[in-house]
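Trainee: Number 90 in the working numbering belongs to position 90 of the sequence shown; there are no gaps in the numbering.
Dumping the structure here so I can ask a few things about it.
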Amino acid sequence: MVNPDSTQISRHNDRIVAPRTARELEAIAEQVRLDLDLDLDGRVAMMPILEQVLYDTIEGYEFHVEEDKVMGRLEGLTDTQRPIIKLKNSVYQALERGDGRARFTAAHEFGHLVLHCGLPTYRAFSDEYQPLYDPERQANIFAAAFLMPASAFRSCRTVKEAMQNFGTSHDAVMCRARKLNHRLEPLRPILTVSKKKGHGMRRTP
Numbered sequence: 001m002v003n004p005d006s007t008q009i010s011r012h013n014d015r016i017v018a019p020r021t022a023r024e025l026e027a028i029a030e031q032v033r034l035d036l037d038l039d040l041d042g043r044v045a046m047m048p049i050l051e052q053v054l055y056d057t058i059e060g061y062e063f064h065v066e067e068d069k070v071m072g073r074l075e076g077l078t079d080t081q082r083p084i085i086k087l088k089n090s091v092y093q094a095l096e097r098g099d100g101r102a103r104f105t106a107a108h109e110f111g112h113l114v115l116h117c118g119l120p121t122y123r124a125f126s127d128e129y130q131p132l133y134d135p136e137r138q139a140n141i142f143a144a145a146f147l148m149p150a151s152a153f154r155s156c157r158t159v160k161e162a163m164q165n166f167g168t169s170h171d172a173v174m175c176r177a178r179k180l181n182h183r184l185e186p187l188r189p190i191l192t193v194s195k196k197k198g199h200g201m202r203r204t205p
């Protein structure tokens, strides 16, 4: 899993996939929710998807929880050829607690399975970043749209409301708000400047 606001292909990942626009990925994510009999509003339960639903819908699917030392720096990993999703044990435990970052990781790996399972990948021979071809970017956009559908997200007025409604982290919510150009009231009140008679300017919370 990569940062939900990532815009670069990492140097150790030079694989590219068939191009998809953000609009196409948003539509795929919404359709997957509908295919899973999920509405386009509210929180998705990722554990049942990984541990039950995918076993029933994808032939040969497996879900593994690996020890942290085995996974190293990776939080999750998807083998799109077999197909298998792996999560680091600490991430899995966080997912059980409903942790927002872990939920995004799970949705990101699910995105790889939906978008790239059984499809060829190619080696990028150019150093120039091509976002439409980046599998990590595609999985990130899918994860954000799957967890936070656009129509429901735009109905949120505050960052806290969005985090609670969708079970996502502060960073994921802020990134989603920027992508959708949707203004949310922040978690903390913005500092304002006031001036009282006989006093200089001062900041008040």
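Where a beta carbon is used, it is the ideal one built from N, C-alpha and C, also for glycine.
#1: Quick check on H116: does DSSP put it in helix, strand or coil?
#2: To test your reading of the DSSP string, which unbroken alpha helix (DSSP H) runs of 4 or more residues are found completely within the stretch 127-162?
#3: Nearest to A18 by alpha carbon, out of V53, L119 and M47?
#4: Compare the C-beta of A124 against all C-beta atoms of chain C and say whether one is closer than 8 Å.
#5: Since I58 is in the beta strand (DSSP E), which residue starts that stretch and which ends it?
#6: In terms of alpha-carbon separation, which member of T168, C175, A94 and E51 lies closest to D68?
#7: Kindly indicate which residue of F153, I85, R183 and Q130 has the alpha-carbon position closest to the one of H116.
#8: Can V114 and V32 be called in contact, C-beta distance under 8 Å?
#9: D41: buried (16+ other C-beta within 10 angstroms of its C-beta) or exposed?
#10: Please tell me whether A150 and E26 are closer than 8 Å, where the distance is taken between their beta carbons.
Mentor: Once the coordinates are examined:
#1: By 1-based counting over the sequence shown, the position of residue 116 is 116. Helix at H116.
#2: 135-147 and 150-154
#3: Locating residue 18 in the sequence shown gives position 18, counting from the first residue. If we check each option's Cα against that of A18, L119 comes out closest.
#4: No chain C appears in the structure shown, which is made up of a single protein chain.
#5: Counting from one through the sequence shown, the residue named residue 58 turns up at place 58. No beta strand (DSSP E) holds I58; DSSP gives it neither H nor E.
#6: As a first step, residue 68 is located in the sequence shown; it is residue number 68 there, counting from the start. Out of T168, C175, A94 and E51, A94 has the C-alpha closest to the C-alpha of D68.
#7: The sequence position of residue 116 within the sequence shown is 116, counting from 1. Nearest of F153, I85, R183 and Q130 to H116, Cα basis: I85.
#8: Numbered from its first residue, the sequence shown carries residue 114 at position 114. Numbered from its first residue, the sequence shown carries residue 32 at position 32. Going by C-beta atoms, V114 is nearer than 8 Å to V32.
#9: For the purposes of this step, residue 41 is taken as the residue at position 41 of the sequence shown. D41 comes out exposed.
#10: By one-based count along the sequence shown, residue 150 stands at place 150. By one-based count along the sequence shown, residue 26 stands at place 26. Yes.
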